[in-house]
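Data block below; observations after.
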Amino acid sequence: MFDLESSIRHWLRSFRKYKAFNHGSIREMELHLRDHIDDLLSTGCTEQEAFEKAVREFGEINPLAREEYWNLTPKSVSTSLLNTIMLNNYIKIAIRNFWKHKFYAFVNIIGLTIGLSIVFMIALFVSDELSFDHFHTKKHQLYRVVENQYYAGQPVFPVAVTPTALGPSLHEEYPEVVNFTRVVFQGDRFEVGDKKIVENGGIMVDQHFFEMFSFPLVQGSIESFREQINALILNEELADKYFPDKDPIGELIKLGDEEFLVTAVIRDVPGNSHLSFRYIKNFENYLANNPDRADNWGSNWLYTYVELEPGADLNSVNEKIIGQIKANNEGSVTDIYLQPLLDIYLGEVDFTVEVGRKGEMMYVRIFTIVAFFILLISCINFMNLSTARSAKRAKEVGLRKTVGAHRNQLVVQFLSESVLLSITSVILSIVIVALILPSFNELANKEFSLQVLINPESGIKLVMAIVGITILTGLLSGSYPAIYLSSMKPVSTLKAQVVTGKQGATLRRVLVVLQFVISVILIIGTTVVYQQLQFIQNVDLGYNRDNVIYTFVPGEHSGTFANELRQQSGIVNVGLSNRHPGYVLSSTSGFDWPGKNPDETILLHYMGMDEHYMETMEMTMIEGSAFSHTDSAVVIINEQAKEIMGLDDPVGQTITASGERKIVGVVKDFNFKSIHTAIEPIVIFKLPQPNRVYIKYDDREAENIVSIIEAVWNKHLPDREFDYYFLDDDFAEMYDAEHRTSRLSSYFAGLAIIISCLGLFGLVSYATEQRTKEVGIRKALGASVRNLFLLLTGDFTRLVMISLLIAIPTGWYAMDKWLDNFAYRIDLSVWIFIFSATSALMIAFITVSYQSIRAAISNPVSALRNE
Amino acid sequence: MISKNLTAASTKPIILGILKQGNSYGYLIIKKIKEMSGGKMEWSDGMLYPVLHRLEKDKLIRSEWIMSGDSRPRKYYEITELGKEALTLEKEQWVQVNAVLDKIWDVKPST
């Protein structure tokens, strides 16, 4: 018996073989056939006849499909990829999804926001470090002349200061050197009206300084600075300080005993200049007062900067000038070369004397790496959570595919979702950065403001970088879910048989491991940095810097001043010296002693002190005795000097150092430079009345000590202001950079761990949720809370263990390398690694426990009933 | 019978021409063509649909599903302004071809 309906269905089925026909066109043809059959039936045909005729006249389907196929061009697909209607739909679905899974969305956004905030702050820091001296228009033509000094038996001795005569001679002899300026740093006592204040941060420069460097003028002119040797240029800060309500130009200021004329005001030197100063004097003025210094080749004491002609080849210039000092100073062991201006701040070489503060390329690199890792961890979190939730989204993918979504469209959907999320995080993190910027500035010793975003020069770059990071983060973190989810087969997803793919689970494990490897390395790194910094601050300096105040007293008064201080209660001892104990930079190769090889040049540092100084500073004598009251023409050497001079029994020997001097003793090595460098040889002269007074006080008198000293001061030096300094403050300042770095890196490490744990927490919550029913059944069958807890946490604990196995050797290797930068370094103790491993495990365990315990103690009935 | 090639070439102006007289749907368009050609054009009904879809894609016609009363839903096609322009162009071309052919038929063979 002929069945019309089933015949039509059968006929329609043959269309489905072809991709060319969509649902709409098949329906259209079905209606065509039915209309035709109806017409034929009305003419008296039987159903079978009508059907057969209609089908025959309709024609073959195969050529039809071929024709229809031409209508399917990629054009329609490409337009639908960016279809605004679909885009709206994606955003709508994304927002609904966030809303429905608030917890996961929250974990995702918070993790990414914290990560991005850190990345932004590091970016601010790093870009500032890298921007040093870039504001000079001639930055690529400017160089500083620096020295390499070679002494027998000692490593190369790099020095950034040069002799007075070097600059002019380079300018005269080499046409490539078009300009030069010498720079000398100094402080002066300013006297304006009744104000008498010691100001630091003055420089003396040659007249071409302003042609070479770009320090903009606010008022006045450079011309008068060149013409008048007593000209003075102030920065805005000092101009406001001394002339708050009048025009400073043409005013006179007494500096020391000389009158100077203010000829110009410059803008305050920006924070990212390696040359930092507040007022400028003319170097000609100095030369006028010290005419014998002009041709000096022997004493390295000032910085020489040169400008090369455009296009000059640095190497060939360096080759020509290398022997300039040797040629002019017989017996010199000094080579010179040009150091590019842009290399000064972040340069690799640690010069013995250096201008102001210097950055460390190492920290810039470390922070950049940390930023990269933190961004990576945050992205991993996002990927992990998204793939974990893919089971939930699988149905959506299946449905979208069924109603005709292309795979490309799905990829676009998931990527736009993650970009949307990262944009949210970026906005949040900018708000966070804005809020914590003041504290960050304090910590990093910088002056960042969000105004840099509007600054036309750096702002655009920064905004571009932020936009770049945002999109990159979005794409990076969305890429795996996008590719993975879009590849799912619609049939299996709709049958709801698939749980998360095995592949996805493996990848998630790998990512968790990677995340913890990074976190553990950060913990190890932070711990080692912290310990090392503690170590170098507490390293035995060879003297005791605690409870010491020092001040400057003119030589003729220092002896009596010190004597009177010694009578005061609360003062333990008073010693005099001509140098700062942690900053002895004077050195010479001009000493001679019995048995010295005449062909060798040996560099020895030197300083002077009275007979009380060593006792005051608690230095230890190894051989012989300290200076006594009656000694004159005597020296003490340190252990290093004894060794390098080759004296087996030095006490009683005579050395020639500006006259013959007897060695009375050997002092235990003490550190008179940065802890970064090893102790060098030093010769100590006995001086009758050096100008630095070091006062060791009793800790119990700490509160009154300043007023005790001040009373004595006012008695002896009534017309001078009393300035005083605490010795340990100087050390705190010396290690300021290290302190800040260690604090910064511990914050970063802490936050990195928080981000990792946030990710872990989200994953565990998800895994536990997935296994709610399993837990319920196990519990109903008698599993204990302990069993369940172990079951749920076991997997993640294992992953953290694997991370430790990878992280510990890597961390050990990296930190060992880092420690090699220090002359005094800690040994990497096992405890550091045990500490890092336990803390990582503990944190992970606590994170995992919360969810696991909650699941384990839940009522199995509620777990099983939720269908 | 009109040859396959010629039929194919004339489909576009025929469909556009029919639609210019009023909106219509696939089966009705076919029926009209068959009536007008007296069954002389060699069509298989199905081949109309790819042509309709192509014309739609080229924006010469547009379509809309219409449900009216109790009858079946129909996909109605409507000619667009662009389609009308295209039809004028086609018409001119066919008239020209026709004129050429007319002239040729009129020429007496010169023996």
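Chain order of the listed sequences is A and B.
With this note's numbering as the guide, the letters of the first sequence map in order to residues 1 to 867.
With this note's numbering as the guide, the letters of the second sequence map in order to residues 1001 to 1111.
Built from N, CA and C at the ideal position, the CB exists for glycine as well.
The structure presented is a predicted model; accordingly, all values stated were derived computationally and were not measured.
Residue A:228 holds the alpha-carbon nearest to the alpha-carbon of residue 286 (chain A) among A:238, A:721, A:228. The beta carbons of residue 742 (chain A) and residue 533 (chain A) sit closer together than 7 Å. Among the residues of the segment 1029 to 1050 of chain B, those with a Cβ less than 7 Å away from any Cβ of chain A are 1044, 1045, 1046, 1047, 1049, 1050, in the order of the chain. Within its own chain, the residues whose Cβ lies closer than 7 Å to the Cβ of residue 18 (chain A), once the five positions on either side in sequence are excluded, are 65, listed in chain order.
Rounded to whole angstroms, the gap between the alpha carbons of residue 520 (chain A) and residue 472 (chain A) is 25 Å. When C-beta distances to chain A are compared with 7 Å, the residues of the segment 1049 to 1070 of chain B below that value are 1049, 1050, 1053, 1054, 1057, in chain order. The residue from A:334, A:646, A:787 with its alpha-carbon nearest to that of residue 323 (chain A) is A:334. None of the residues of the segment 750 to 770 of chain A has a beta carbon lying less than 9 Å from any beta carbon of chain B. Between residue 664 (chain A) and residue 591 (chain A) the beta-carbon gap is near 16 Å, outside 8 Å, which marks them as no contact. In this chain, the alpha helix (DSSP H) harbouring residue 326 (chain A) covers 324 to 328. For a Cβ distance threshold of 7 Å, nothing in chain A lies close to residue 1077 (chain B): the least Cβ distance comes to about 10 Å. If you ignore the 5 residues before and after residue 201 (chain A), its C-beta comes within less than 6 Å of the C-beta of 277, 278, all in its own chain and listed in chain order. Per DSSP, the unbroken beta strand (DSSP E) holding residue 264 (chain A) starts and ends at 258 to 266.
For residue 43 (chain A), the number of other beta carbons within 10 angstroms of its own is below 16, and it is reported as exposed. By the rule that beta-carbons nearer than 7 Å mark a contact, residue 1026 (chain B) touches chain A.
Boundaries of the beta strand (DSSP E) around residue 304 (chain A): 303 to 308. Per DSSP, residue 772 (chain A) is not a residue of any beta strand (DSSP E); the alpha helix (DSSP H) it occupies stretches across 772 to 780. For residue 827 (chain A), no alpha helix (DSSP H) segment is defined, and its DSSP state is neither H nor E. Looking from the CA of residue 250 (chain A), the closest CA among A:434, A:230, A:241 belongs to A:230. Here the segment 1076 to 1095 of chain B makes contact with the segment 1003 to 1021 of chain B; the two share three or more CB pairs at distances below 8 Å. Bridge partners of residue 605 (chain A) according to DSSP: A:587, A:682.
Separation of the CB atoms of residue 115 (chain A) and residue 378 (chain A) is rounded to 3 Å, and the pair is thereby assigned contact status at 8 Å.
When rounded, the separation of the alpha-carbon atoms in residue 107 (chain A) and residue 803 (chain A) is 22 Å. The alpha helix (DSSP H) runs lying completely inside the segment 194 to 234 of chain A and spanning 4 residues or more are 209 to 212, 222 to 227, given in chain order.
Between residue 573 (chain A) and residue 696 (chain A) a beta carbon distance of about 5 Å is seen, short of the 8 Å cut, so the two are scored as contacting. Scanning the segment 465 to 525 of chain A from its first residue to its last, the whole alpha helix (DSSP H) runs of 4-plus residues come out as 490 to 494. For residue 425 (chain A), there is no enclosing beta strand (DSSP E); the residue is part of the alpha helix (DSSP H) that begins and ends at 407 to 444. For the set A:306, A:317, A:58, A:362, the Cα lying nearest the Cα of residue 745 (chain A) is the one of A:362. Not a single C-beta of chain B is nearer than 7 Å to the C-beta of residue 115 (chain A).
Residue 168 (chain A) is not bridged by DSSP to any residue. If you draw a straight line from the Cα of residue 1007 (chain B) to the Cα of residue 1063 (chain B), it is about 24 Å long.
Contact between residue 181 (chain A) and residue 345 (chain A) does not hold, since their C-beta atoms are separated by about 18 Å, which reaches or exceeds 8 Å. Contacts with chain B at 7 Å (Cβ-Cβ) include residue 35 (chain A).
For residue 605 (chain A), the number of other beta carbons within 10 angstroms of its own is at least 16, and it is reported as buried. Membership of residue 1060 (chain B) in any alpha helix (DSSP H) is not indicated, and neither H nor E is assigned to it by DSSP.
If you draw a straight line from the Cα of residue 835 (chain A) to the Cα of residue 753 (chain A), it comes to about 15 Å.
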